[in-house]
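Trainee: I'd like to ask you about the structure that follows.
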Amino acid sequence: MFGRLVMVKIIQKKQVADWMFLVGEPQEVDGQPLDYSSTAFASQYTEGLVDNVCMALAQKTYGTWELKAFSLGATDAPFFDWSEKFGLPLSLFSFEEK
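Under this note's numbering, think of the first position of the sequence shown as 10, with each following residue one higher.
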């Protein structure tokens, strides 16, 4: 996607039964903020069409987490579709205010 290795810093996660929803920020491997200027998303990021956010949905099966859905840079809420597709409650995708 980026043409190089990046990592995701997990900001929030929530588990309900065997499902986990994670929200994070893509970063350079050294932990610095991702430099979008050298990616295929450079112009979209500059125009506000890509957010600096990753969302993932995983399911634990036989003791192993399996990635079921992943979104990078979405400016909308992809988890609404995930709730419907996987038959999950919307509460899995919400976090209490701190």
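Backbone N, C-alpha and C fix where the C-beta goes; we use that ideal spot for every residue, glycine too.
#1: Are the Cβ atoms of residue 95 and residue 53 separated by less than 9 Å?
#2: Among the candidates 26, 63, 60 and 38, whose CA atom is the shortest distance from the CA of residue 8?
#3: Can you check which of these residues, 23, 86, 28 and 24, is closest to residue 59 by C-alpha distance?
#4: On the DSSP letters alone, give me the boundaries of the alpha helix (DSSP H) that residue 52 sits inside.
#5: For my contact list, residue 82 and residue 62 are in at a C-beta cut-off of 8 Å; report their separation, rounded to the angstrom.
#6: Could you pull the DSSP bridge partners for residue 78 from this structure?
#7: Which of the three DSSP states is assigned to residue 114 in this structure?
#8: Measuring alpha carbon to alpha carbon, tell me which of 48, 29 and 12 ends up nearest residue 19.
#9: What does a CB cutoff of less than 6 Å around residue 84 pick up in its chain, not counting 5 residues either side in sequence?
Mentor: In terms of the structure at hand:
#1: In this structure, residue 95 sits away from residue 53, with a CB-CB distance that is not shorter than 9 Å.
#2: Only positions 10 to 107 of the chain appear in this structure, which leaves residue 8 out of reach.
#3: Closest option to residue 59, Cα to Cα, is 86.
#4: Looking at the DSSP string, the run of the alpha helix (DSSP H) that includes residue 52 is 51-55.
#5: Yes, residue 82 and residue 62 are in contact; Cβ-Cβ is about 7 Å, under 8 Å.
#6: Paired residues: 66.
#7: No information on residue 114 is available, as it lies outside the stretch 10 to 107 that the chain covers here.
#8: Selected option, being the one with the closest Cα: 29.
#9: These residues qualify, in order along the chain: 60.
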